[in-house]
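Trainee:
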Amino acid sequence: MKRAVVDASVAVKWVVEEEFSDAAERLLTMGTTLHAPSHWLAEVLNTITAYCVFKRRITADAAREKATFILDVPYQECRLPEVGRSATDLALELGGTVYDTLYLAAAIELRLPFVTADRKFYDRVVEHGRWKSHLCWVADIPVG
1 MKRAVVDASV
11 AVKWVVEEEF
21 SDAAERLLTM
31 GTTLHAPSHW
41 LAEVLNTITA
51 YCVFKRRITA
61 DAAREKATFI
71 LDVPYQECRL
81 PEVGRSATDL
91 ALELGGTVYD
101 TLYLAAAIEL
111 RLPFVTADRK
121 FYDRVVEHGR
131 WKSHLCWVAD
141 IPVG
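Under this note's numbering, residues 1 to 144 are what the sequence shown spells out, in order.
#1: Does V10 come out as helix, strand or coil in the three-state DSSP assignment?
#2: In or out: V83 buried (at least 16 other Cβ within 10 Å) or exposed?
#3: Count the other C-beta atoms from every protein chain shown that fall within 10 angstroms of the C-beta of F114, then say buried if there are 16 or more, exposed otherwise.
#4: Taking the alpha-carbon of K145 as reference, which of C52, S86, Q76 and D22 has the nearest alpha-carbon?
#5: Answer with buried or exposed for F121, where buried requires no fewer than 16 other C-beta atoms within 10 angstroms of its C-beta.
#6: Secondary structure at T47, three-state DSSP: helix, strand or coil?
#7: Applying the 10 Å Cβ sphere with the 16-neighbour rule, what's the burial state of P71?
#8: Confirm, please, whether the CB-CB distance from V44 to V5 is below 8 angstroms.
#9: In terms of DSSP beta bridges, what is R3 paired with?
#10: Which one of V73, L94, V98 and R56 has the shortest CA to CA distance from P81?
#11: Keeping to the same chain, check which residues put their C-beta closer than 8 angstroms to that of F20; ignore five residues upstream and five downstream.
#12: Are the CB atoms of L94 and R124 within a distance shorter than 8 angstroms?
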């Protein structure tokens, strides 16, 4: 996979050991050019902080270290004004949040696969049917 849109659920797996972390890491080791909407970084950092503050799975020092790693991951930013209108339309069509549909809107706009580990959103899009060809479940990232 040369290029892909990734959401926060995938990025968190790069720094917190979870199910499918190995699959998510393939995007980094394969040299995939990553794309994400403007809010991606804030969403990832918020989740890392939540792992420390609310779930108590990592220490504050570990959270800072993981945040530094994420801040250094190169990605191409999709500006919100460019995908915001279509993300709003998708959220209304799918009955989801704009936070989630921004990734799908970016993938559609850029004609790239959207890699996610958000099972609830993935299932909603697949069930709806119209946009499922843009999705890639994190565990289905090709090897090599």
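In this text, a Cβ means the ideal position worked out from N, Cα and C, and glycines have one as well.
Mentor: With the structure as the only source:
#1: By one-based count along the sequence shown, residue 10 stands at place 10. Residue state, collapsed to three classes: helix.
#2: Counting from 1 along the sequence shown, the entry for residue 83 is found at position 83. The residue in question, V83, is buried, as its Cβ has 16 or more Cβ neighbours within 10 Å.
#3: Position 114 of the sequence shown, counted from the start, is the residue given in the question as residue 114. Under this definition F114 is a buried residue.
#4: The structure shown does not extend to residue 145, since the chain is modelled only from 1 to 144, so the question has no answer here.
#5: To locate residue 121, count along the sequence shown from 1; it is residue 121. Under this definition F121 is a buried residue.
#6: Indexing the sequence shown from 1 puts residue 47 at position 47. Three-state DSSP puts T47 in a helix.
#7: Sequence index remark: in the sequence shown, residue 71 carries index 71 (1-based). According to the sequence provided, residue 71 is Leu. The question's Pro does not apply to it. Exposed, by the Cβ-count rule.
#8: Indexing the sequence shown from 1 puts residue 5 at position 5. Indexing the sequence shown from 1 puts residue 44 at position 44. It is not a contact, given that the beta carbons lie outside the stated cut-off.
#9: Taking the first residue of the sequence shown as position 1, residue 3 is located at position 3. Paired residues: T33.
#10: Counting from 1 along the sequence shown, the entry for residue 81 is found at position 81. Comparing Cα-Cα distances from P81 to each of V73, L94, V98 and R56, the minimum goes to V98.
#11: Sequence index remark: in the sequence shown, residue 20 carries index 20 (1-based). Excluding sequence neighbours, F20 sits near K13, A117, V138 and A139.
#12: Here residue 124 refers to the residue found at position 124 when the sequence shown is read from its first residue. Here residue 94 refers to the residue found at position 94 when the sequence shown is read from its first residue. Yes, the pair counts as a contact, with Cβ atoms nearer than the cut-off.
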